[in-house]
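Heads up, the sequence shown stops at 259 in the working numbering, and the numbers go up one at a time, no gaps.
Let me begin by presenting the structure, written as structure tokens, before commenting on it.
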Amino acid sequence: MAEYNLYATKGPSRRKIPLRELPEGDLVKSLQLAGVNIPPQRKRLSATRESITHKFSIAGHEGYLTVGLYQEGRPGETFITMAKEGSTVGGLMDAFGTSISLCLQYGVPLRVLIEKYRGSRFEPQGHTENPEIAVASSITDYIVRWMGKQFLPEDVQRELNLNYQPSLEIENHD
């Protein structure tokens, strides 16, 4: 069987470096530039991990958000449990938590998830018991804003406008 040595050029001098010596991120970029399709890699959390559990209430609907953390402290999984067991909202929030977990484990930045779900509007919506997020336009809005406030630097929080307070006006479609 033939053996091949693959090289990448790096830096202004364009010196050749064996691919096996490149840091993983540079290796992936080099292979992608060469037209190699690299499937996303899932980074699972360790079997024993730290987590944060946060109780929330939106317009009287109570729930718990548990965020499992990678060793370096960034979020890697979410579990959302609504107090009303067996409800449609509870099932949807369980599915949403699983989706967020998979996104985080496949490398989707938390910022991207916040940009997508912040401001989503559906019931239940309303006042919360959290003074930092006094009003939420939906459970998903609350969850991503809370996660942003917990895990993103303050400058990014400002950039994403995590302190906005949505109006609770219901649109009239008559």
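We put the beta carbon where it would ideally sit given N, CA and C, even for glycine.
Neighbourhood of residue i by C-beta, 7 Å cutoff - its chain only, sequence neighbours within 5 removed
i             : result
serine 131    : Gln156
leucine 198   : Ile185, Cys188 and Val229
glutamine 242 : Gly233 and Lys234
arginine 129  : Gln190
Close beta carbons around residue i, own chain, < 6 Å, minus the five adjacent residues each side
i             : result
threonine 163 : Val152, Gly182, Ile185 and Ser186
Close Cβ partners of residue i (< 8 Å) along its chain, the five nearest in sequence each way excluded
i           : result
alanine 180 : none
alanine 219 : His212, Thr213 and Gln250
valine 174  : His146, Met167, Pro209 and Ile224
leucine 245 : Arg196, Ile199, Glu200, Arg203, Gly233 and Leu237
Strand pairing of residue i, partner residues [DSSP]
i              : result
alanine 221    : Gly211
isoleucine 143 : His146 and Thr213
isoleucine 137 : Val152
Contact under 7 Å by Cβ, residue i with residue j
i                 : j             : result
leucine 150       : glutamate 135 : no
arginine 230      : leucine 247   : yes
phenylalanine 236 : proline 125   : no
arginine 203      : aspartate 226 : yes
Spatial distance of residue i from residue j (CA atoms)
i              : j              : result
arginine 206   : alanine 119    : 43 Å
tyrosine 191   : isoleucine 123 : 13 Å
glycine 171    : valine 193     : 30 Å
glycine 158    : alanine 144    : 31 Å
serine 222     : proline 209    : 8 Å
histidine 139  : valine 121     : 42 Å
lysine 169     : proline 108    : 48 Å
glycine 148    : isoleucine 165 : 7 Å
lysine 201     : arginine 127   : 21 Å
lysine 114     : proline 216    : 43 Å
isoleucine 133 : glutamine 117  : One point to set straight first is that residue 133 is threonine, not isoleucine, in the sequence displayed. In a straight line, the C-alpha of threonine 133 is about 34 Å away from that of glutamine 117.
methionine 178 : serine 142     : 14 Å
Closer than 6 Å: residue i CB and nearest the ligand GTP heavy atom
i           : result
glycine 158 : Here there are no bound small molecules, and the ligand GTP is not part of this structure.
Interface flag, residue i vs chain C, CB-CB below 7 Å
i              : result
asparagine 122 : Here there is only one protein chain, and chain C is not present.
Mind pulling the beta strand (DSSP E) runs of 3 or more residues that sit fully within the stretch 148–195? 160–167
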